[in-house]
Each structure stands twice: as C-alpha cells, then as structure tokens.
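Right, one structure below, let's go through it.
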Amino acid sequence: MTAENPMFERLRKLHQTGRDTSMGKLLRQFWQPVGRSEELQPGYAKTVRVMGEDLTLYRGETGKAFLVGGYCPHRLTLLANGWVQGDEIRCMYHGWKFDGDGQCTERPAERDTKQPNVKIVAYPVHEYAGLVFAYMGEGEAPPFELPRKAVFERPGALQFARIETWPCNWLQQVENSMDAVHVSFVHHWGKVGSFGAVVAATVPELSYEETDAGIRQTAVRSETSKRVSDWTFPNNNHISHPTLELNDPWVDVGVWMTPVDDENTMRFLIYSIPSTDSATDARIREYFEKYSEYNPADHHDDLILHRKLPDDKLVQLTSAQDYVAAVGQGAIVDRTQERLGRSDMGIALLRRLYWREMDAIDKGVPGKRWARLSAEAHMPKQVNEAVS
Numbered sequence: 001m002t003a004e005n006p007m008f009e010r011l012r013k014l015h016q017t018g019r020d021t022s023m024g025k026l027l028r029q030f031w032q033p034v035g036r037s038e039e040l041q042p043g044y045a046k047t048v049r050v051m052g053e054d055l056t057l058y059r060g061e062t063g064k065a066f067l068v069g070g071y072c073p074h075r076l077t078l079l080a081n082g083w084v085q086g087d088e089i090r091c092m093y094h095g096w097k098f099d100g101d102g103q104c105t106e107r108p109a110e111r112d113t114k115q116p117n118v119k120i121v122a123y124p125v126h127e128y129a130g131l132v133f134a135y136m137g138e139g140e141a142p143p144f145e146l147p148r149k150a151v152f153e154r155p156g157a158l159q160f161a162r163i164e165t166w167p168c169n170w171l172q173q174v175e176n177s178m179d180a181v182h183v184s185f186v187h188h189w190g191k192v193g194s195f196g197a198v199v200a201a202t203v204p205e206l207s208y209e210e211t212d213a214g215i216r217q218t219a220v221r222s223e224t225s226k227r228v229s230d231w232t233f234p235n236n237n238h239i240s241h242p243t244l245e246l247n248d249p250w251v252d253v254g255v256w257m258t259p260v261d262d263e264n265t266m267r268f269l270i271y272s273i274p275s276t277d278s279a280t281d282a283r284i285r286e287y288f289e290k291y292s293e294y295n296p297a298d299h300h301d302d303l304i305l306h307r308k309l310p311d312d313k314l315v316q317l318t319s320a321q322d323y324v325a326a327v328g329q330g331a332i333v334d335r336t337q338e339r340l341g342r343s344d345m346g347i348a349l350l351r352r353l354y355w356r357e358m359d360a361i362d363k364g365v366p367g368k369r370w371a372r373l374s375a376e377a378h379m380p381k382q383v384n385e386a387v388s
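Every letter in the sequence shown is one number past the one before it in the numbering used here, and letter 43, counting from 1, is 43.
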C-alpha cells in the first residue's frame with residue numbers, strides 16, 4: 001500500500017498525536033492521566049512529556065498540583081530544575097517565576113514595575129484514585145465525569161496506582177485491550193499466572209457493542225467463562241480478574257494509555273481490591289509494595305531476547321507478557337501490512353469510532369457526546385479452569 005493510497009493516510013492518522021493532528025486534537029478533548037499523586041510531594045517538580053509536549057508537573061506548598069510549560073521562555077532551560085515557592089515555580093537559571101496559570105510573576109534582573117507580559121502554557125489538573133489527570137484541549141475543561149468508575153470509589157478498598165513507560169505507540173496498547181483472543185495466548189506465554197489461570201486457552205466467541213461511554217466487549221469461552229469489560233473512549237480499559245489466591249477478592253483494574261509521543265507511551269494503572277479481613281488485606285498490601293514498582297521496559301533484553309519472565313504471578317507477569325506482544329510490533333506498527341480476520345472485530349469497531357470522531361473534528365462539527373455509563377458492566381466471576 002503506497003503513501004498515495006487513501007487508506008494509507010487513514011491508517012496513519014490513527015497513531016499520530018501531535019497537537020496539529022486529528023487524533024492529537026481528539027485525545028486533547030478528554031482528561032488524560034499525566035502522573036501519580038504519590039510521586040508528587042509538596043514542593044516537588046518534574047518534567048513530563050505528553051503527546052509530544054514537554055511540560056512541568058509540580059505540587060505547590062499548599063498541596064495543589066499544577067501543569068505548566070516545560071521550559072522557561074527566557075533562556076529555555078527546564079523549569080522543573082527550579083524551586084517551588086508557595087504555589088509558584090521559579091526558574092533556577094535567572095529566577096523568573098511563574099504561577100499555576102503560567103503567568104510570569106517576577107523577573108528579578110529586569111526590575112519590572114508591573115506584571116511582566118510573559119506567559120507559558122498551563123493546563124487544568126484533577127486528581128483521582130491516585131492519578132493526576134490533565135485537560136490539554138481548547139476551551140473550558142469538561143466536568144471530570146467520564147473517567148470515573150464506581151469500583152474506584154469504594155470506601156475502604158485497597159487501591160494502588162502504577163505507571164509504566166513503554167517504547168511503542170499508544171494505539172498498539174489500546175488495540176490490545178480490544179483483542180480478547182490475545183488473553184488465551186499472550187497470558188499463557190512462558191508461564192501462567194493468576195490472571196491466565198482463570199481464563200482458559202480456549203479461543204472465545206466474541207461480541208462488541210458501542211455504548212454511551214465507549215465499547216462493551218464480551219468474550220465467552222465456556223458456560224463458566226464469560227468475560228465482560230467496558231472500554232471508555234478514547235483510551236481507558238476496565239477489567240476484573242483474580243488477585244493472588246483463589247479465595248481472594250477480585251481486583252478491578254483501570255488502564256489508561258497516555259502518549260508520551262508517537263513512539264512512547266505512559267501506561268497508567270489503578271488496582272482496586274475490596275477490603276476483607278486484616279490478614280488478607282495485609283498480605284495483598286505487602287504484595288503490591290514489593291511487586292508494583294515494575295516497568296517491563298527496564299527488562300527489555302531479558303524479555304525480548306532471552307524470554308526471561310519476572311518471578312511474579314500477577315502485576316509483573318501480566319505487564320511483561322503484554323509488553324512482549326506490543327513492543328514486538330515495533331515502535332509504530334505498520335497497519336498497512338496487517339491481515340485482519342473475524343476475531344479482530346473489536347479492533348475494526350475501535351478504528352471506525354476513531355475515524356468517525358476524527359472526521360467530525362476535521363469538518364468542524366461536534367462529535368459524539370460521550371458520557372459515563374449509568375450502569376457498569378456486570379463482570380461475572382469465572383471458575384478457575386486450571387484447577388477445576
């Protein structure tokens with residue numbers, strides 16, 4: 001398929017996330033996770049790259065989080081290397097200071113007598129379930145409603161927020177969420193953990209439907225194995241599966257794929273487990289403290305070249321197996337060379353929704369008004385087919 005082929009251009013539009021691209025504009029219409037709350041202590045600043053933009057994420061001394069431009073406009077050094085003072089950040093090079101709205105408030109060597117006419121970009125932020133979300137689109141930010149899930153707001157639940165950074169395009173990971181067949185193979189690759197154990201290697205019967213919020217995916221493998229998941233537009237999946245032991249409460253997992261740029265992705269996860277008894281809670285909490293700080297990209301050669309999987313049966317193993325599949329496609333998969341089949345109906349639906357919404361942007365007309373589901377999918381607990 002050549003570059004002059006219209007389908008080539010349609011496929012290429014799917015993975016491009018720069019500010020001037022159709023997909024970049026689409027993703028910026030939604031709240032996107034950009035950091036973990038736990039990492040952002042008062043007075044701390046860090047550089048983050050989101051959809052090709054270098055930005056500064058910091059928490060003021062009052063505890064409020066802010067997201068502003070990545071560089072001081074004076075001599076273009078990184079703002080994150082400066083000091084947080086109150087709810088403002090001061091550049092370490094020449095002391096220019098900026099507030100959370102991006103307004104320059106002080107230039108010590110310029111002896112300004114009024115507020116400087118200098119401003120950097122700034123984006124609204126919202127913290128939820130241990131993650132820091134930002135709205136990077138035009139105009140007023142929408143209410144923070146679509147990303148919410150009732151399971152992440154359960155009183156007393158054990159909740160853990162994680163981040164991994166993978167060297168591949170964000171869409172490869174989103175399409176993986178719409179591919180229920182991969183579970184029967186990817187999560188049986190190398191060894192079977194607590195997730196793979198409850199999902200048989202049987203190839204499922206699939207169905208997909210567009211919802212008010214995104215796509216509902218149903219995969220039926222047997223009378224006792226029916227997996228239902230709700231994927232929320234444009235890049236968030238929600239699944240439920242076993243935690244560690246057979247009698248443990250199941251964990252709900254929310255996964256967001258935030259583009260760093262077109263060849264790298266931040267993979268944000270929320271794990272939420274209902275509290276039961278003190279011993280079980282302590283065991284689960286100890287597990288996440290030990291195993292959750294894991295990024296498969298740090299073990300790339302072990303995974304890709306030597307097929308050496310982590311010594312873990314849940315968080316690390318599941319991520320490592322998905323990593324090998326997604327990164328094995330390359331930094332940006334060449335979709336013009338694919339041979340899709342009937343089992344790829346979820347991916348086909350996903351792409352149609354993206355193209356429809358991007359076409360609306362290109363034509364300057366409103367797209368779909370996505371809304372949080374009034375009732376989330378019932379996710380039946382399957383029998384562990386590996387031991388039944």
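Backbone N, C-alpha and C fix where the C-beta goes; we use that ideal spot for every residue, glycine too.
Query: For LYS114, the first and last residue of its enclosing alpha helix (DSSP H); Result: Note, LYS114: premise wrong, no alpha helix (DSSP H); not H, not E.
Query: Secondary structure of ARG267, DSSP reduced to three states; Result: strand
Query: Assigned secondary structure, MET257 (DSSP; H/G/I helix, E/B strand, else coil); Result: strand
Query: Nearest neighbour of ALA122, chosen from LYS114, LEU131 and GLY139 [CA to CA]; Result: GLY139
Query: PRO274 beta carbon less than 8 Å from that of PRO296; Result: no
Query: Collapsed DSSP secondary structure at ILE332 in the structure displayed; Result: coil
Query: Simplified DSSP assignment, three categories, for LEU353; Result: helix
Query: Cross-strand partners of TYR208 (DSSP beta bridge); Result: GLN217
Query: Meets three-Cβ-pair contact criterion under 8 Å: the region 227 to 239 and the region 139 to 149; Result: yes
Query: Helix, strand or coil at PRO33 according to DSSP, with G and I counted as helix; Result: strand
Query: Straight-line Cα distance separating LEU305 from PHE144; Result: 42 Å
Query: Sequence-distant residues of the same chain with beta carbon closer than 7 Å to GLY196, five excluded per side; Result: HIS187 and HIS188
Query: Burial state of GLU286, where buried means 16 or more other Cβ atoms lie within 10 Å; Result: exposed
Query: The alpha helix (DSSP H) enclosing ARG285, as first and last residue numbers; Result: 278 to 291
Query: 8 Å Cβ cutoff met for CYS168 and GLN329; Result: yes
Query: Cβ neighbour criterion (16 or more within 10 Å) applied to GLU53; Result: buried
Query: At least 3 beta-carbon pairs within less than 8 Å: the region 354 to 364 vs the region 22 to 33; Result: yes
Query: Secondary structure of GLY69, DSSP reduced to three states; Result: strand
Query: Identity of the residues DSSP links to ILE89 by a beta bridge; Result: VAL84 and PHE98
Query: Cα-Cα separation, HIS126 to VAL132; Result: 6 Å
Query: Secondary structure of VAL315, DSSP reduced to three states; Result: helix
Query: Selected residue, minimal CA-CA separation from GLU376, among GLN85, ALA213 and ASP281; Result: ALA213
Query: Residues near ASP262 in its chain [Cβ-Cβ closer than 7 Å; skip 5 each side]; Result: HIS15, GLN16, THR17, ASN169 and ILE332
Query: Rounded separation between VAL327 and ASP298 - CA only; Result: 13 Å
Query: Residue closest to ASP101, alpha-carbon to alpha-carbon, out of MET7, ALA65, LEU158 and GLU110; Result: ALA65
Query: Boundaries (first-last residue) of the alpha helix (DSSP H) holding ALA45; Result: Looking at the DSSP string, ALA45 is not in any alpha helix (DSSP H); the run it does join, the beta strand (DSSP E), is 45 to 50.
Query: LEU131 in three-state terms, based on DSSP; Result: strand
Query: Meets three-Cβ-pair contact criterion under 8 Å: the region 41 to 52 and the region 74 to 93; Result: yes
Query: Host alpha helix (DSSP H) of ASP301 (start-end); Result: 300 to 304
Query: Endpoints, the alpha helix (DSSP H) within which LEU26 is located; Result: 22 to 27
Query: PRO73 versus ASP312: straight-line alpha-carbon distance, rounded; Result: 46 Å
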